[in-house]
Amino acid sequence: MTETKYIFVTGGVVSSLGKGIISSSIGKLLQARGYNITIQK
11 MTETKYIFVT GGVVSSLGKG IISSSIGKLL QARGYNITIQ K
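Taking the working numbering, the leading residue of the sequence shown gets 11, the next gets one more, and so forth.
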């Protein structure tokens with residue numbers, strides 16, 4: 011069984027769109043490398 015890793019993206023209330031874009035971009039890059047990704051808000 012593989013070890014679970016977490017990535018936290020933090021920021022202010024105003025930058026919620028930016029956090030979403032960054033999170034989805036990182037997720038897509040990791041998916042392209044074969045990782046299983048789950049985004050939780």
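The C-beta atom is built at its ideal place from N, Cα and C for all residues, glycine as well.
Bear in mind the structure is a predicted one, so any value in this text is a computation, not a measurement.
Ser25 carries a coil assignment under DSSP once its states are collapsed to helix, strand and coil. For the options Glu13, Thr14, Thr20, the alpha carbon positioned closest to that of Lys51 is the one of Thr20. A straight line joining the alpha-carbon of Gly30 with that of Thr12 spans about 26 angstroms. Assigned with DSSP and collapsed to three states, Gln50 falls in coil, not helix or strand.
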